[in-house]
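Enquirer: Quick one: structure below, then a few questions.
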Amino acid sequence: MKKLLAVFLSVVIAFSLSVSIFAQAEKEECDCGNIPVIFVSGFAYTELVANAGTEDEYGAFGVESEAITDMVKKLILPLFELVFTGNYDKFAHKLSAEVNDLFYDTSCDENGNPNNPTVDIEFFEYPSQYHFRNRKSTFRYDWRKDVFDIAAELNDYIEETKRLTGHSKVALRAESMGGAVTMAYLHTYGYDSVETVVMQSSAFDGIEMMTSLFVGDLSLNAKSVMNYVGNFLEGNSTEMVFYRALYNTLSILAYTPVVKLIGGFIGNIEDVVYEDCIKSLFGYIPGIWVFVAEDAYEEAKEFMLDEEVNKELIKKIDRYHYEVMNRKEDIIEDAMANGVNFAIISNYGKAAVPLGEESSNQSDFLIDTKHTSLGATCAPYGETLGEGYVQKIDDGHNHLSPDNVIDASTCAFPEITWFIKDMMHTWYTDGYNEFVYTLIYTPGQETIHTYDEYPQFLCNNQETEALEPLTAENMNTQSTDVDYIALIKLLITKAEEA
Ligand SMILES: [Zn+2]
Ligand SMILES: [Zn+2]
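See the structure below:
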């Protein structure tokens, strides 16, 4: 009995001690005026490593160049064999075996649990007490997890940030997949701890390319491939415009036969490759399912998974799709009604990943503009909405972009959705960050009408890296009209220098 009492007392003492230590660490409320900013990072922002934290740690996600080179080497012989025998199935099985090896460490079992339990993120940035202006701390996570598990980690991160900084609310910069995580967080933990959410190229509405992959549509289009590669010929210098024009003229000739060849090849191996590796390697990863667009979700589930075998996994991914993704507009509305300031930033002017039937979409080179903006009407890449186009919904404002490419009136939230032309997916510039921090540090809910310098349509000036209002003067940001006189002058100058 005495012993029991002693144990009891020691537990009480230990508990009260820890409470007082905890209380000491608790900072007094901070009134510095700089809200702590948490960057909710995107897919694969932080590397996954196997044997995490040990001497034998190595990169686990099989997209390292060395691993791919090794794989290609192993496939040279089977490829020769294929040329002579025409046995596509045999090659497809061999290829699948190699791909399975390459991605084993990051793969999951049929229930969505990791096959290699030693895999974890390479490093975790702990919440910080520092929150001076324009500083952000980055929330990193294992993107393979069920998004609700990631949201729970984000909740811990936010609570710890509040405790360390003495602020009762934080601001979230949510990029790409981080947008889906943030939506799951808001749905589960409510709005009390969040003052502002800025969605940066958010994946909260899915990605067309991933949707195509998950419904088995691997079709390639030569023009889309050409446009996609052309994404990287950016800028309007005399030389660049010339290169771009040259590229556009020559590449269509080159891509058509090549794409036809690759398309035929894919068509011959895709059934085996899906069954042998794509379904189990990627379909079994819960986190990836946030990228499947709402309207194709059931079709993708049927194509990729088995109702019985994947029962547990389906339970997880259904929860996100039906509780969060399908209710995203309600969640955002509810958040705003509860005092959260919301901003959605969507990029356009880049060609989409050239996979599947929507590969002509307007994009930021990864996520389609119609998805990052929650429903903008967009002209196909390289085109306009057409002469005489009239804004679909007349709400008394102009929501049509000066270049006649975007009609923002059909967005779920047209007054809080901004568009940046020629801004790549998450390739932030100083100008972009300045804009985001202006949204964060200005008190209250801003709209596209709040600032003269930040109207609904902006463009990324590729020379100065500043954001500018999009106007008739600067809207032709990827010109193909070669200025031959300027080009000749440039060549003469260069020849003289040489
Ligand atoms: Zn403070
Ligand atoms: Zn309006």
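For our numbering, add 570 to where a residue sits in the sequence shown, where the first one is 1. We treat Cβ as the ideally placed atom computed from N, Cα and C, and that holds for glycine. Since the structure is predicted, the reported quantities are computational estimates derived from the model, not experimental observations.
1. Roughly how many whole angstroms lie between the Cα atoms of A1065 and I1058?
2. Should P984 be listed as close to ligand 2, given that the test is whether its C-beta is under 7 Å from any heavy atom?
3. Using C-beta distances below 6 Å, list every residue in its chain close to D716, excluding the 5 sequence neighbours before and after it, in chain order.
4. Could you have a look at A824 and say whether DSSP puts it in helix, strand or coil?
5. Could you tell me whether the Cβ atoms of D977 and T947 are closer together than 8 Å?
6. Quick one: Cα of T758 to Cα of A863, how far?
7. Following a CB-centred definition, is T735 positioned closer than 7 Å to any heavy atom of ligand 1?
8. Drop a sphere of 10 angstroms on the beta-carbon of A593, count the other beta-carbons inside from all chains shown, and report buried for 16 or more, exposed for fewer.
9. Would the stretch 779-795 and the stretch 635-655 be scored as touching if the rule is three or more Cβ pairs under 8 Å?
10. Are there 16 or more other CB atoms within 10 angstroms of the CB of I591, so buried, or fewer, so exposed?
11. Beta-carbon within less than 8 Å of E668's beta-carbon, same chain only, minus the 5 sequence neighbours each way: which residues are those?
12. Is V842 closer than 8 Å to H1019 when the C-beta atoms are compared?
13. How far does the beta strand (DSSP E) with A741 in it reach, from first residue to last?
14. Just the C-alpha distance for H799 and G837, rounded to the nearest angstrom, thanks.
15. When you compare each of N657, A1068, F935 to S794 by their alpha carbons, which one comes out closest?
16. Do Q1048 and R814 have their CB atoms nearer than 8 Å?
17. Is A662 helix, strand or coil by DSSP?
18. Anything with a beta carbon under 5 Å from a heavy atom of ligand 1 counts; list them all in chain order.
19. Looking only at DSSP bridge pairs, what is A620 linked to?
20. Check whether the Cβ atoms of F609 and F709 sit closer than 8 Å, and answer yes or no.
21. For D626 and A741, I'd like the C-alpha separation in whole angstroms.
22. With distances taken between CB atoms, is the gap from L816 to D712 smaller than 8 Å?
23. Can you tell me which of V1006, S789, Y892 puts its alpha carbon nearest to the alpha carbon of N704?
24. Just verifying my parser: in three-state terms, what is the DSSP assignment at E765?
25. With a CB to CB cut of under 6 Å and the five nearest residues on each side skipped, what residues in its chain are close to S929?
26. For G760 and F861, which I take to be in contact (beta-carbon distance under 8 Å), what is that distance rounded to the nearest angstrom?
27. Could you compute how far the alpha carbon of F989 sits from the alpha carbon of P1013?
28. Find the nearest neighbour of E1004 within the set N685, C600, K706, judged by alpha-carbon distance.
Expert: In short:
1. So the two alpha carbons sit approximately 10 Å from each other.
2. Yes - ligand 2 has a heavy atom lying nearer than 7 Å to the Cβ of P984.
3. Cβ neighbours of D716 beyond the five flanking positions: P856, K886.
4. Helix, per DSSP.
5. A contact, by the Cβ cut-off of 8 Å.
6. Here the C-alpha atom of T758 lies approximately 21 Å from the C-alpha atom of A863.
7. In this structure, T735 has its beta carbon less than 7 Å from a heavy atom of ligand 1.
8. Its pLDDT being 45, under 50, A593 is placed unreliably by the model, and nothing is read from it.
9. Short answer: they don't touch.
10. With a pLDDT of 44 at I591, under the threshold of 50, the predicted position of this residue should be treated as unreliable, though the coordinate-derived value follows. By the neighbour-count definition (other C-beta atoms within 10 Å, threshold 16), I591 is an exposed residue.
11. The residues are M641, K644, L645.
12. The Cβ atoms of H1019 and V842 do not sit closer than 8 Å to each other.
13. In the DSSP assignment, A741 falls within the unbroken beta strand (DSSP E) covering 740-745.
14. Sequence inspection shows Val at residue 799; the His mentioned does not correspond to that position. V799 and G837: Cα-Cα distance of roughly 22 Å.
15. The candidate whose alpha carbon is nearest that of S794 is F935.
16. In contact: Q1048 and R814 (Cβ atoms closer than 8 Å).
17. Residue state for A662 is assigned as helix, using DSSP reduced to three classes.
18. The set of residues with CB atoms less than 5 Å from any heavy atom of ligand 1 reads, in chain order, C600, C602.
19. Note: A620 sits in a beta bridge opposite Y628.
20. The Cβ atoms of F609 and F709 sit closer than 8 Å to each other.
21. Spanning the two alpha carbons is a distance of roughly 37 Å.
22. No, they are not a contact pair.
23. Distance from the Cα of N704 is smallest, within the candidate group V1006, S789, Y892, for V1006.
24. Taken through DSSP and simplified to helix, strand or coil, E765 comes out as strand.
25. Here the set comprises N791, S794, A922.
26. With a Cβ gap of about 25 Å, G760 and F861 do not count as contacting.
27. Pairing F989 with P1013, the inter-Cα distance amounts to about 22 Å.
28. Residue K706 is the option with its Cα nearest to E1004.
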